[in-house]
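> One structure is given below, represented as structure tokens, and several questions about it will come after.
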Amino acid sequence: MSAILIAEQVLNGLQSGVMLFLMAAGLTLIFGVMGLINLAHGSLYMVGAFAAAAVAAATGSFLLALAAALAAAALAGAVVETVVIRRLYDKDHLDQVLATFALILIFSEGTRWIFGSFPLFLDIPPWLSGPVELPGGILYPAYRLALIGVGLAVALGLWLLISRTRLGVRIRAGENDREMIAALGVDISRLYTVVFALGAGLAGLAGALVGAIQSVQVGMGEPVLILAFVVIVIGGIGSIRGALVGALLVGLTDTLGGIFLPELFKLFTDPSSATTIGAALASMSIYVLMAAILVWKPTGLYGARA
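Structure, rendered in structure tokens:
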């Protein structure tokens, strides 16, 4: 196994991780501030991908498609929070799970009704197509490098928002003591709507960005949602820094495990069986990682509570 292949897989893991971060950051904000288990977060990821594909097909502009994805997912999130989620804050977590699961079905069937059952395709823009030569003779797709850059830029922007702005102060205060900030005159309902729309917009942006390297189809958000839950458990509930670190760990573990584990098992069994066993263990590796971290730190890496 060459060093160039390993470097390429590390970059693939970073790209996968930063896209997971966009999904998990919104989810951990919503769960940390609002205490809400939102299974429909993956549907907002799908909304962003379909909005981007539709706008790109109509206008031919990839940047307009990204803006449409962000706006459509944020608007859908604000509407969902106002109409449905607002009635669930004082409910049991089981009620939240059932209600947001129903939203998954509504979003899936509504998307299928509007766009049909066949996948849509979002083309990579010409100015990001082709490879970039990196040090060491590594040729890596320019679009995937751009995804890494966008994810890290969003992480920096979220950190500045949370730590340096008035809205960030309110978000952090709402996470710690929502009754107190309501008593101090903060409109908690408006704050919740803003937080939910922000999280939804990040999910929609992730869906649009990933949609250019995968097909855009109904149900595409649910597998990513499972990984996003793993990320926030690893990183710690309510922690943006934890979401970033957890997402990078999950992305690298999943990608590198898929390369190294089959090679390892080839030392002990025939190549065909080794590939099958290694692939199965690679898919389990992120959950083994999560279990190991929870044994060491039950609140996650940067979480204040379990």
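According to UniProt numbering, the sequence shown is numbered sequentially starting from 1. Note that the Cβ used here is the ideal one computed from N, Cα and C, for glycine as well.
Taking Ala142 as the reference, give the member of Pro126, Glu109 and Val154 with the closest Cα.
Along the sequence shown, one-based indexing puts residue 142 at 142. Answer by Cα proximity: Pro126.
> Along the beta strand (DSSP E) that carries Pro131, what are the first and last residues, could you check?
Taking the sequence shown and counting its residues from 1, one reaches residue 131 at position 131. Taken as a continuous stretch (DSSP letters only), the beta strand (DSSP E) holding Pro131 covers Pro131 to Leu134.
> Please classify Leu44: does DSSP put it in a helix, a strand, or coil?
In the sequence shown, counting from the first residue as 1, residue 44 sits at position 44. Three-state result, Leu44: helix.
> Any idea if Tyr45 is buried or exposed, counting beta-carbon neighbours within 10 angstroms, 16 or more meaning buried?
Numbered from 1 along the sequence shown, position 45 holds the residue referred to as residue 45. Label assigned to Tyr45: buried.
> Using the rule of at least 16 other Cβ atoms within 10 Å of the residue's Cβ for burial, across every protein chain shown, is Leu105 buried or exposed?
Here residue 105 refers to the residue found at position 105 when the sequence shown is read from its first residue. Under this definition Leu105 is an exposed residue.
> Is it right to say Gly13 is buried, meaning 16 or more other beta carbons lie within 10 angstroms of its own, or is it exposed?
Stepping through the sequence shown from its first residue, residue 13 is reached at position 13. By the neighbour-count rule (16 or more Cβ atoms within 10 Å), Gly13 is buried.
> Does Leu184 come out as helix, strand or coil in the three-state DSSP assignment?
Here residue 184 is taken as the residue at index 184 of the sequence shown, counted from 1. Looking at Leu184 - three-state DSSP - the assignment turns out to be coil, as it is neither helix nor strand.
> Between the Cα of Asn208 and the Cα atoms of Val233, Val231 and Phe50, which residue gives the shortest distance?
For the purposes of this step, residue 208 is taken as residue 208 along the sequence shown, with counting starting at 1. One detail in the question is off: residue 208 reads as Ala in this sequence, not Asn. When only C-alpha atoms are compared, the closest one is Phe50.
> Could you tell me the distance, in whole angstroms, from the CA atom of Leu20 to the CA atom of Pro262?
On the sequence shown, residue 20 is found 20 positions in, with the first residue counted as 1. On the sequence shown, residue 262 is found 262 positions in, with the first residue counted as 1. Cα to Cα, the separation comes out at about 24 Å.
> Using the rule of at least 16 other Cβ atoms within 10 Å of the residue's Cβ for burial, across every protein chain shown, is Ser2 buried or exposed?
Counted from its first residue, the sequence shown places residue 2 at position 2. Result: exposed.
> Determine the direct distance from the alpha carbon of Thr269 to that of Gly48, and round the result to whole angstroms.
Here residue 48 refers to the residue found at position 48 when the sequence shown is read from its first residue. Here residue 269 refers to the residue found at position 269 when the sequence shown is read from its first residue. Taking the straight line joining both Cα atoms gives about 44 Å.
> Quick one: which unbroken alpha helix (DSSP H) runs of 4-plus residues sit fully inside the stretch 186–242? Chain order, please.
Complete alpha helix (DSSP H) runs here, min 4: 188–211 and 221–235.
> Based on DSSP bridge pairs, tell me the residues matched to Ile30.
Along the sequence shown, one-based indexing puts residue 30 at 30. Ile30 pairs with nothing; no bridge assigned.
> Taking Cβ positions, are Ala24 and Ile259 nearer each other than 7 Å?
Taking the sequence shown and counting its residues from 1, one reaches residue 24 at position 24. Taking the sequence shown and counting its residues from 1, one reaches residue 259 at position 259. No. Outside cutoff.
> Considering only their Cβ atoms, is the gap separating Leu122 from Ala206 smaller than 7 Å?
Taking the first residue of the sequence shown as 1, we reach residue 206 at position 206. Taking the first residue of the sequence shown as 1, we reach residue 122 at position 122. Taking 7 Å as the Cβ cut-off, Ala206 and Leu122 do not qualify as a contacting pair.
> To the nearest whole angstrom, what separates the beta carbons of Thr299 and Gly236, a pair I think is in contact under 8 Å?
As a working note, residue 299 is residue 299 in the sequence shown. As a working note, residue 236 is residue 236 in the sequence shown. Indeed, because the Cβ distance is near 6 Å, the residues count as touching under 8 Å.
> Give the DSSP-derived three-state secondary structure of Leu294 in the structure shown.
Here residue 294 refers to the residue found at position 294 when the sequence shown is read from its first residue. Looking at Leu294 - three-state DSSP - the assignment turns out to be helix.
> Can you name the residues that DSSP bridges to residue 380?
The requested residue 380 does not occur in the structure, where the chain is confined to residues 1 to 306.
> Considering Phe121, what are the terminal residues of the alpha helix (DSSP H) in which it resides?
Translated into the one-based positions of the sequence shown, residue 121 becomes position 121. Segment: none, Phe121 is in no alpha helix (DSSP H) and carries neither H nor E.
> Check whether the stretch 62–73 and the stretch 215–235 touch, using three or more Cβ-Cβ pairs below 8 Å as the test.
Judged by Cβ distances under 8 Å, the stretch 62–73 makes no contact with the stretch 215–235, as fewer than three pairs qualify.
> Gly201: which of Ile6, Leu29, Leu5 and Glu8 sits nearest, CA to CA?
Taking the first residue of the sequence shown as position 1, residue 201 is located at position 201. When each option's Cα is compared against that of Gly201, the closest is Leu29.
> Could you check what DSSP says for Val84 in three-state terms: helix, strand or coil?
On the sequence shown, residue 84 is found 84 positions in, with the first residue counted as 1. Reduced to three states, the DSSP call for Val84 is coil.
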